[in-house]
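One structure below.
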Amino acid sequence: MNRMRIVFCGTPQFAVPSLKSLLAQNEFEIASVYTQPDRPRGRGQEISFSPVKEMAGAAGLEVQQPAKVRAPEVEEHLRKLAPDAIVIIAYGQIIPARLLPIPRLGWINLHASLLPKYRGAAPIQWAIASGETVTGNTTMRIDAGMDTGEMLLQEELRIGTEETAPELAGRLAEMGAPLMARTLRGLVRGELAGRAQDHAGATLAPMLKREDGRIEWRRTATEIFNRMRGFAPWPGAYTEFRGQTWHLRGKPSNEGKPVSNEGAAGEPGVILVAKGTVSVVCGGGSQLDITHVKQEGRKEISAAEFIRGARVVGGEKFGK
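Quick note, the working numbering runs 790 ahead of the 1-based positions in the sequence shown.
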């Protein structure tokens, strides 16, 4: 049987399990790997490779890193390769419409949500931040829209009650690898038909901005906790205190239900201090217990260290 000829496009760690899986199966041939250009990262601004480039290099694969995938030489290269399918997972560039017909089976994407929900650049983060308890992966053929193409396969995954975005991303990536392989097999055998999305049920998951991490204390403690989990590690969850920016971690008191203990009443953002612990009044009478605090530019400390070091007094307030 002829091997299925594939071009793989991806950049972050999320794409690595699928590339590794396809490489391990003789029925697939990876003709080339496309990934984002090397960029400086970290405080030292040292040039580093993307996780996909590291994986591809270790496997001895051809690697292409065009600054712009719409460049004419990219189209020429892809047509010369004549792939059966192009697998694209978190590549990081929008594919121009003229390139879509090149692979005979299409550009096949692994998207980390149950489409049509959470279309966009940050589906994992927004699913958690929105309080979803179930998410999953969808394989789809990309079209000229933003995650609007026809769906091929889906698989659900339950979100842990305290799971963060990086933790969920790792599980979805591993689960997505066999799903992608199943999708490609179904396409090449003619056993898999695409189905249109219900566009009326679409929700958006835009790229995160720093401002998304600002804590609005009028939200309930559970809503704030969900955003803490979803926006980890960036932009995190931060607030203002004594003219400085502080990043917080914590969890709802009493499972996020309204509290009625004496001293808990007050405006959202009011700090409650008792026996070396610190809590904050949130919307709806709920309360958030703070476990860790990090002043911007400094190391993270425990809530108890924060109380002692800053001499926090109950009744002070977080937020502007």
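Virtual Cβ for every residue (Gly too), placed ideally from N, Cα, C.
Rounded to the nearest whole angstrom, the CA to CA distance from arginine 948 to threonine 923 is 6 angstroms. A check of alpha carbon separations from cysteine 799 across Arg793, Leu812 and Asn792 identifies Leu812 as the nearest. A distance below 7 angstroms separates the beta carbons of alanine 1011 and leucine 1078.
For histidine 1037 against lysine 1084, the beta-carbon gap comes to about 4 angstroms, under 8 angstroms, which counts as contact. Positions of the beta strand (DSSP E) runs, each at least 3 residues long and wholly inside the segment 892–967, are given as 897–901, 924–931 and 941–948 in order along the chain.
Here DSSP, grouped into helix, strand and coil, assigns methionine 997 to coil.
In the structure shown, glutamine 987 falls within a coil segment according to DSSP collapsed to helix, strand and coil.
Residue environment for alanine 983: exposed (fewer than 16 other C-beta atoms within 10 angstroms of its C-beta). Straight through space, the alpha carbons of arginine 1088 and alanine 971 are spaced by roughly 44 angstroms. Around the beta carbon of lysine 1065, fewer than 16 other beta carbons lie within 10 angstroms, which makes this residue exposed. Secondary structure note for serine 1069: its beta strand (DSSP E) is the uninterrupted segment 1067–1071. Bridge pairing for phenylalanine 818: Met794 [DSSP]. With fewer than three CB-CB distances shorter than 8 angstroms, the segment 834–847 does not count as touching the segment 986–1002.
Distance from the CA atom of alanine 986 to the CA atom of phenylalanine 1096, rounded to whole angstroms, is 52 angstroms.
With fewer than 16 other beta carbons inside 10 angstroms of its own, glutamine 815 counts as exposed.
If you check the CB distance, isoleucine 876 and proline 856 do not come in under 7 angstroms. According to the DSSP assignment, proline 1025 belongs to no alpha helix (DSSP H), since it is labelled neither H nor E. When secondary structure is reduced to three states using DSSP, isoleucine 1005 falls in the coil class, being assigned neither helix nor strand. A straight line joining the alpha-carbon of glutamate 1090 with that of threonine 1081 spans about 10 angstroms. In the displayed model, serine 840 falls within coil according to three-state DSSP, outside both helix and strand. Assignment of valine 864 by DSSP, reduced to helix, strand and coil, places it in the helix class. Under DSSP, no beta-bridge partner is assigned to phenylalanine 804. Short of 7 angstroms from the beta carbon of tryptophan 897, and not among the five residues preceding or following it, lie these beta carbons of its own chain, in chain order: Ile876, Ile878, Ile885, Leu890, Arg931 and Ile932. Pairing proline 873 with valine 823 gives a Cβ-Cβ distance that is not under 7 angstroms.
With fewer than 16 other CB atoms across the displayed protein chains lying within 10 angstroms of its CB, proline 956 is exposed. Residue pairing by DSSP puts serine 1092 in a beta bridge opposite His1082. Taken atom to atom, the span from the alpha-carbon of leucine 1062 to that of leucine 905 is near 42 angstroms. At a Cβ-Cβ threshold of 7 angstroms, lysine 1110 and glutamate 1030 count as neighbours. Of the residues Gln944, Pro1042, Lys907 and Ala1022, the one whose Cα lies closest to the Cα of aspartate 988 is Lys907. Arginine 1039: member of the beta strand (DSSP E) spanning 1034–1042, first to last residue. Arginine 975 carries a helical assignment under DSSP once its states are collapsed to helix, strand and coil.
Under DSSP, arginine 869 forms no beta bridge with any residue.
If you look at isoleucine 1014, you'll find it in the alpha helix (DSSP H) that goes 1011–1020.
Within the same chain, Thr1081 and His1082 come within 6 angstroms of arginine 1039 by CB-CB distance, once the 5 residues on both sides are set aside.
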